[in-house]
Amino acid sequence: MRDKDLKSKLHRILIGFAVGIPMMLLTYVPLEPPVPMPYLMLIVSAPVFLYLSYPIFSAGYHALKNRNLSMDVMYSMGIGVAFVSSLFGTFGIVLSDEFLFYDTAILLATFLMMGRYLEARAKGRTSEAIKKLIGLQPKTAIVIRGGKETEVPIEYVGTGDIILVKPGERIPVDGEVVTGESYVDESMITGEPIPVLKKTGDTVIGGTVNTNGVLRFRATKVGKDTVLAQIIKLVEEAQGSKPQVQKIADRAVAYFIPAVLAIAILSFVIWYFIMGNSLLFSLTTLISVLVIACPCALGLATPTAVTVGIGRGAELGILIKNGEALEISEKITTVVFDKTGTLTEGRPDVVDIVAINIKEDELLGMAASLEKNSEHPLGKAVVKKAMEKGAILRDVADFRALSGKGVAGKIDGKEVLVGNRMLFREKGIEYPESIRRALLGLEREGKTVVMVALEGRVAGLIAIADRIKGSAKDAVEELKRMGIKVAMITGDNRRTAEAVARNLGIDRVLAEVLPQDKANEVKKLQKSGEIVAFVGDGINDAPAMAQADVGIALGSGTDIAMESGDIVLMKDDLIDVVAGIQLSRKVMSKIK
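Per the working numbering: the sequence shown = residues 1343 to 1934.
Structural data, given as structure tokens:
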């Protein structure tokens, strides 16, 4: 359907230029055709003009029928007056045969049609990225039913089906790995060139490539629910949206048309009745105003620029949900970043071990023996490090989880505590000055310190940090170069938050903020006159994203991130925050 429409528009444009340009040149060449020139021009131009302008007049008629003074009404008035005045000149009705605008009428209609063609093509280009994504989805899948492998069309895959994917094959739908281990190339979704290891319990995305192992996974999302389908829907919705600047242009036309008519009539009245000029001259001024007022740029700049901008964003992995997000992004004065999972990796790792009168491996093994019974993320980081180091994990008796403080238990009959300062203060455990200095030093670097005690004496410190993303510093520096203020918000303690901010060059830090209070902090910035973009991972940051003027979600294409932000960064790369704002500025400058 779209190809047919494009072909029809292009056909009209070619015919318009093929007839309009020679007709314009004829007005400068003295010829004596067998038929009088005005009649010849009418015979040649009439069918071409009607063919070219029919879509414009049709749209204008329907707008008037609905009592709406749209752009199409203005276009119809401009090209209609040019053609009708030419008819009057041809037959000597008030105007002479010097007033022939057949070429003007045809070329005006041609340029308008060319604008519509470019807009339609721009929308088509926006969809090219989507088409490529659709093309990446396999047409069939190997489903295991009744213990047998059966190849079925993708439409027949249902939620809960167990699907087999061999090395080199594309994953047909979204799902969760049941058995097998393999590296999966997810670059088409995330932009990350390094394949990701997938094992039991991990999620896989339809369209990505299984590289080296055999995976069996359970289909969790099929059809319109897959990540690919959501991307498609997102861009399609964005194409149909209008930014506020387009709405302003549409409203302006409602006043523009009556104003133009009033000026045209006033020109005629002044020249004819007051200045005493001829009827011919006065009509010429009226016609000139009506023809020249045809607002081609006003109607075509916005939709063309928006569709191209959204399309370019889609190619770069920056999915813009609506045109208004483009317009507001251009005005952003402050970007607020969430810390955990946005500026940092969101995965705590053990980075330092300080042991006292004990080997590091023993300290780590002792702490991990207790933490293996805990669900706390910091505990999991300790266990993970112990497994990597090959530390020995022992049996624990009398295990106790001390909410918000740490864990306790007995190893070989000896009391072991693993926790924070609060726990050690509560238990009255003292530690020497050297340990206090080491503790403060690690905390100043933004690390969370887990303290370990054996039989009431400090045995060592284990420092855990959420590593800063590689692109974070470059993104912050670039935003500041663009004149945009940068702030960071986090639930972490102020010392850790300020250490991360120092590393990144962020001046404003909002620390120890609960998730539900993040939106209030954004509101405070807005009340002080800031246009705020909030960048988060799209899960616990949803309220703040909704409150911000523009919500920018990181999430490597997760459905939660897509629902949360006005703009979704598929690559999970913070430099794309900068790219998104730069794209918005470029689009708005083109419109203006």
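Beta carbons: idealized from backbone N, C-alpha and C, even for Gly.
A quick note: this is a predicted structure, and the numbers were derived from the prediction, not measured.
CA-to-CA, the gap between ARG1836 and ASP1694 works out to about 20 Å.
Sequence-distant Cβ neighbours of ALA1743 in its own chain, meaning closer than 7 Å and more than five residues away, are SER1716, VAL1749.
Put simply, the backbone Cα of THR1452 is about 36 Å away from that of LYS1673.
One Cα belongs to PRO1885, the other to THR1562, and the distance between them is close to 27 Å. Within a 10 Å sphere around the beta-carbon of GLU1713 sit 16 or more other beta-carbons, which makes this residue buried.
Sequence-distant Cβ neighbours of ASP1891 in its own chain, meaning closer than 6 Å and more than five residues away, are ILE1670, ILE1873, VAL1874. The residues VAL1818, in chain order, have a CB closer than 6 Å to that of GLY1847 in the same chain once the five nearest residues on each side in sequence are set aside. Put simply, the backbone Cα of GLY1434 is about 56 Å away from that of GLY1655.
Take the alpha-carbon of GLY1798 and the one of MET1830: they are about 39 Å apart. Within a 10 Å sphere around the beta-carbon of VAL1794 sit 16 or more other beta-carbons, which makes this residue buried.
Per the DSSP secondary-structure output, LYS1827 pairs in a beta bridge with THR1676.
According to the DSSP secondary-structure assignment, LYS1490 is paired through a beta bridge with ARG1487. In this structure, SER1387 keeps its C-beta atom at 9 Å or more from the C-beta atom of VAL1423. Contact between the region 1591-1607 and the region 1623-1633 is present: three or more C-beta pairs spanning the two stretches fall below 8 Å. Spatial neighbours of VAL1415 in its own chain (CB-CB distance under 7 Å, excluding positions within 5 residues in sequence) are listed in chain order as GLY1402, ALA1405, LEU1406, ILE1599. For MET1617, the secondary structure class from DSSP, reduced to helix, strand or coil, is coil.
According to the DSSP assignment, PHE1443 belongs to no beta strand (DSSP E), since it is labelled neither H nor E. The beta carbon of ASP1439 sits closer than 6 Å to those of PRO1380, GLY1431, all from its chain and outside the five residues before and after it, given in chain order. Beta-bridge pairing by DSSP links ILE1810 to THR1686. Just so you know, the alpha carbons of ALA1483 and VAL1569 end up roughly 17 Å apart. Rounded to the nearest whole angstrom, the C-alpha separation of MET1887 and GLY1907 is 6 Å.
When secondary structure is reduced to three states using DSSP, GLU1730 falls in the helix class. A straight line joining the alpha-carbon of PHE1615 with that of LEU1628 spans about 13 Å.
Less than 9 Å divides the Cβ of ASP1883 from the Cβ of THR1684.
Straight across, the Cα-Cα distance linking TRP1613 with SER1624 is about 5 Å. As the crow flies, the alpha-carbon of LEU1803 is around 38 Å from that of VAL1546. A straight line joining the alpha-carbon of LEU1765 with that of ALA1728 spans about 23 Å. By the Cβ criterion, the region 1349-1356 is not in contact with the region 1440-1450, since fewer than three pairs of Cβ atoms, one from each stretch, lie closer than 8 Å. A straight-line Cα-Cα distance of about 8 Å links ALA1596 and ASN1410.
When DSSP states are grouped into helix, strand and coil, ILE1753 belongs to the strand group. Annotation note: the region 1832-1889 contains the following uninterrupted beta strand (DSSP E) runs of length 3 or greater, listed N- to C-terminal: 1850-1852, 1874-1878. Each residue's CA atom was taken as its position, placing VAL1919 and ILE1894 some 8 Å apart. For TYR1773, the three-state secondary structure derived from DSSP is coil. Beta-bridge pairing by DSSP links SER1524 to LYS1540. For THR1568, there is no enclosing alpha helix (DSSP H), since its DSSP letter is neither H nor E. Under the three-state reduction of DSSP output, MET1793 falls in the strand class.
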